[in-house]
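In numbering that gives the first Met the number 0, the protein residues as written are 0 to 356.
Note that beta-carbon positions come from the ideal geometry of N, C-alpha and C, so glycine has one too.
Note that the coordinates shown come from a computational prediction; the quantities given were computed from them, not determined experimentally.
Notes follow the structure.
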Amino acid sequence: MSNDSLLRALAREPTSHTPVWLMRQAGRYLPEYNATRARAGSFLALAKSPAFATEVTLQPLERFALDAAILFSDILTVPDAMGLGLYFAQGEGPRFERPLRDEAAIRALAAPDPSDRLRYVLDAVREIRKALAGRVPLIGFSGSPFTLACYMVEGSGSDDWRALKTMLYARPELLHRILEVNARAVTDYLNAQIEAGVQVVMIFDTWGGQLNHADYEEFSLAYSRRVIAALTRESGGRRVPSILFTKGGGVWLEAIAASGCDAVGVDWTVDLAAARARVGARVALQGNLDPAALFAPPERVRAHVRRVLDAFGSAPGHIFNLGHGIAPTTPVESVAALVDEVRAYSAKLRAKAQTKT
Ligand code: 1CP
Numbered sequence: 000m001s002n003d004s005l006l007r008a009l010a011r012e013p014t015s016h017t018p019v020w021l022m023r024q025a026g027r028y029l030p031e032y033n034a035t036r037a038r039a040g041s042f043l044a045l046a047k048s049p050a051f052a053t054e055v056t057l058q059p060l061e062r063f064a065l066d067a068a069i070l071f072s073d074i075l076t077v078p079d080a081m082g083l084g085l086y087f088a089q090g091e092g093p094r095f096e097r098p099l100r101d102e103a104a105i106r107a108l109a110a111p112d113p114s115d116r117l118r119y120v121l122d123a124v125r126e127i128r129k130a131l132a133g134r135v136p137l138i139g140f141s142g143s144p145f146t147l148a149c150y151m152v153e154g155s156g157s158d159d160w161r162a163l164k165t166m167l168y169a170r171p172e173l174l175h176r177i178l179e180v181n182a183r184a185v186t187d188y189l190n191a192q193i194e195a196g197v198q199v200v201m202i203f204d205t206w207g208g209q210l211n212h213a214d215y216e217e218f219s220l221a222y223s224r225r226v227i228a229a230l231t232r233e234s235g236g237r238r239v240p241s242i243l244f245t246k247g248g249g250v251w252l253e254a255i256a257a258s259g260c261d262a263v264g265v266d267w268t269v270d271l272a273a274a275r276a277r278v279g280a281r282v283a284l285q286g287n288l289d290p291a292a293l294f295a296p297p298e299r300v301r302a303h304v305r306r307v308l309d310a311f312g313s314a315p316g317h318i319f320n321l322g323h324g325i326a327p328t329t330p331v332e333s334v335a336a337l338v339d340e341v342r343a344y345s346a347k348l349r350a351k352a353q354t355k356t
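Right under this line is the structure:
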């Protein structure tokens, strides 16, 4: 592979610069993404076509010196494959035609065979690997069992997750039943992605941070841990590292770091210096610039990038990223400034550390 800095950082090995990629790096802030999406007809048509998915996965790499590609897909393809009927209402976010609201539907829920109902994702992985030709590693991903359950019960995104939380507090056994099925589904799906060629896997627990302390362990982390323990460890003679990202998970950093993952994704509420002191060299850390910082002029963006890099320092084991997905109205020049500054400044930090020793 011509650029394996991401894999090296995930293994806490030294790299010449801090590797950088961005959550939602392929998306609506890029004019070429919007053009391809218009040609495809809709987001779902785009995601379900391996040729279009390959095209948009590579788009950000053509513009910026990114150190990884991430499969273009969505976490909600898994519940869609379970028969919940994913659709996008005009001008609104994702929705399900058949959310899980009664016991009969929950009892009937089953993990899908990824080689059948999610074949288009696996075809996209194979096509993207070919198109990348070893330039950078390809990251595969899934929602966490809990975050998928949020959408499956609620039927859409939500500010308060009222339907989900009502089930959690009133009928916890029903939520556990969904989570059992989801853990199996996520494990099979990620292992199928690994078999198809992804070189890193990431679990997005976007809504785990909405839970109370004890419930986070019981309903979210316990199931992610189970998935991680059942992941294929090696493929093509290389370790396949896993990244667990929990938005709002900073308070549970030690527990997340002990989940079996190779790296913990952190949002911007976390101080990277303190985080490193808390977890040591047990795991790598990924993050954590506030995506809203990209609305500042390029020189300010560069200063905020340096602050994140300074907080972690020059030791191995940092992957630069945002603390959550990039916003659709982000200026492209800000992203260019971010990537350029990560490369230049992190190389300088390492050189400085070396002259000191
Ligand atoms: O109109 C469009 O073009 C659709 C916008 C969009 C995009 C670009 C959606 C709908 N999904 C995606 C792609 C996507 N989703 C990727 C692609 C790879 C990349 O470049 O990073 C990834 C990794 C995701 C993951 C995802 N989808 C998450 C987890 C990460 C996160 O941002 O928290 C979540 C929660 C979703 C659900 C989802 N899908 C789409 C939207 C708008 C949402 C959020 C819905 C909500 O909660 O309101």
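- Comparing C-alpha distances from V334 to each of A346, S345, L321 shows the shortest one belongs to L321.
- By DSSP's assignment, I242 forms a beta bridge with M201, A262.
- V77 and S141 have their alpha carbons spaced roughly 8 Å apart.
- Secondary structure note for N211: it is in no beta strand (DSSP E), with a DSSP letter that is neither H nor E.
- At a threshold of 7 Å, F140 counts as near ligand 1, since its beta carbon sits closer than that to one of the ligand's heavy atoms.
- Within the chosen limit of 7 Å, ligand 1 reaches the beta carbon of D73 through at least one heavy atom.
- Considering only F145, Q58, V200, Q285, the residue with the shortest C-alpha distance to V180 is F145.
- Two segments are said to touch when three or more pairs of C-beta atoms, one from each, lie closer than 8 Å; by this definition the segment 160 to 168 does not touch the segment 195 to 204.
- With fewer than 16 other CB atoms across the displayed protein chains lying within 10 angstroms of its CB, H212 is exposed.
- Per DSSP, the beta bridge partners of H317 are L284.
- For F95, the distance from the CB to the nearest heavy atom of ligand 1 is not below 7 Å.
- Distances taken from the Cβ of M81 to the heavy atoms of ligand 1 include none shorter than 7 Å.
- Per DSSP, P93 is not a residue of any alpha helix (DSSP H); the beta strand (DSSP E) it occupies stretches across 93 to 95.
- Between L117 and Y188, the CB-CB gap stays under 8 Å.
- In this structure, DSSP gives G324 a state outside helix and strand, which the three-state scheme calls coil.
- By the neighbour-count definition (other C-beta atoms within 10 Å, threshold 16), S114 is an exposed residue.
- Rounded to the nearest angstrom, the gap between the Cα atoms of M22 and I325 is 6 Å.
- From the listed residues P315, H323, W251, V124, the smallest Cα separation to L210 is found for W251.
- Considered as a whole, the segment 112 to 148 harbours 113 to 116, 118 to 131 as its complete alpha helix (DSSP H) runs of no fewer than 4 residues, in chain order.
- In the displayed model, Y28 falls within coil according to three-state DSSP, outside both helix and strand.
- For R237, the secondary structure class from DSSP, reduced to helix, strand or coil, is strand.
- Proximity of the segment 1 to 10 to the segment 307 to 319 meets the contact definition, three or more beta-carbon pairs being nearer than 8 Å.
- Look at L189 here: in three-state DSSP terms it is helix.
- Per the Cβ contact rule, the segment 246 to 265 is not in contact with the segment 300 to 310 (fewer than 3 Cβ pairs under 8 Å).
- In chain order, L85, P93, Y150 place their CB closer than 7 Å to the CB of L75, counting only its own chain and leaving out the 5 sequence neighbours on each side.
- Rounded to the nearest whole angstrom, the C-alpha separation of A104 and L70 is 31 Å.
- Taking T328 as reference, the option from V341, A295, P13, A191 with the minimal CA-CA separation is A295.
- Look at the beta carbons and you see the segment 117 to 137 touching the segment 45 to 54: at least three pairs across the two are nearer than 8 Å.
- DSSP places L9 in the uninterrupted alpha helix (DSSP H) bounded by 4 to 9.
- In the DSSP assignment, F87 falls within the beta strand (DSSP E) that extends over 85 to 87.
- Sequence-distant Cβ neighbours of V307 in its own chain, meaning closer than 6 Å and more than five residues away, are L288.
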